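Chemist:
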Amino acid sequence: MIGARNVKPSTDGKRKTRNDMILAAVLLLVAAASFLLWHFSRAEGESVTVKVGGTETAVYPLSEDREVEIIGGEDNEYRNVVVIRDGKVSVSEANCPDGICVKTRSASRAGESIVCLPHKLVIEVTGEKSEPGLDMTA
Ligand SMILES: [Zn+2]
2 MIGARNVKPS TDGKRKTRND MILAAVLLLV AAASFLLWHF SRAEGESVTV
52 KVGGTETAVY PLSEDREVEI IGGEDNEYRN VVVIRDGKVS VSEANCPDGI
102 CVKTRSASRA GESIVCLPHK LVIEVTGEKS EPGLDMTA
């Protein structure tokens with residue numbers, strides 16, 4: 002029971018129990034509705050922007066499955082394979098030393114990004130409703 006919240010004080014008698022239950026049900030419904038609203042209004046990702054060294058190099062729609070090999074570095078020594086599948090983008094392969102980009106969980110919502118620091122690669126999900134000027138990677 003640790004962490005259980007005290008939803009209502011039990012000051013009223015049994016007479017109010019029914020009303021309390023209705024109230025609780027309504028509150029639950031409102032909470033569920035607002036969660037859904039928040040969930041869906043939180044900018045479904047529309048496209049995937051690939052930036053290398055701060056420069057935007059490619060934009061792909063998130064709705065189309067594809068696999069893209071991104072080659073970077075002075076001698077094309079950097080390699081990342083970006084996979085877009087089922088509306089999610091992830092890095093499936095990379096030859097960076099840390100491999101963090103491969104371990105990063107797939108991104109699907111606007112504002113989420115996958116970063117490969119050694120390769121100066123940023124894969125960013127952008128959406129219609131994303132705030133302009135709110136660029137966390139800048
Ligand atoms: Zn990496």
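So the numbering used here is basically just the index in the sequence shown, starting at one, shifted up by 1. Quick reminder that beta carbons are idealized off the backbone N, C-alpha and C, glycines included. If you're wondering where the values come from, they're calculated on a predicted model, not measured in any experiment.
Please classify A111: is it buried, with 16 or more other beta-carbons within 10 angstroms of its beta-carbon, or exposed?
Modeler: That one is buried.
Chemist: Sorted by chain position, which residues of the same chain lie with C-beta nearer than 7 Å to E132's C-beta, five sequence neighbours on each side aside?
Modeler: Only weak support exists for where E132 lies, its pLDDT of 49 falling under 50; the coordinates are left without a value.
Chemist: Under the three-state reduction of DSSP, which class applies to L24: helix, strand or coil?
Modeler: Note: L24 maps to helix in three-state DSSP.
Chemist: For V69, tell me which candidate among A59, V31, A32 has the shortest Cα-Cα distance.
Modeler: It is A59 whose Cα lies nearest to the Cα of V69.
Chemist: Any residue with its C-beta under 5 Å from a non-hydrogen atom of ligand 1 counts. Can you list them all in chain order?
Modeler: With the cut-off at 5 Å, the residues found are A95, C97, C102, C117.
Chemist: Return the bridge partner residues of K52 from the DSSP annotation.
Modeler: E57, V123.
Chemist: Based on the DSSP secondary-structure assignment, which residues constitute the bridge partners of C117?
Modeler: The partner list for C117 (beta bridge, DSSP) reads L122.
Chemist: Strictly by DSSP, which residues pair up with N81?
Modeler: Note: N81 sits in a beta bridge opposite I71, A95.
Chemist: State the DSSP-derived secondary structure class of R19, mapped to helix, strand or coil.
Modeler: R19: helix per DSSP, three-state reduction.
Chemist: Would you mind stating whether I85 and E65 have Cβ atoms separated by less than 8 Å?
Modeler: Yes, these two residues count as a Cβ contact at 8 Å.
Chemist: Name the residue from E94, K89, C97, P98 whose alpha carbon lies nearest to the alpha carbon of S114.
Modeler: Selected option, being the one with the closest Cα: K89.
Chemist: Which partner residues does A108 have in the DSSP bridge list?
Modeler: V90, per the DSSP bridge assignment.
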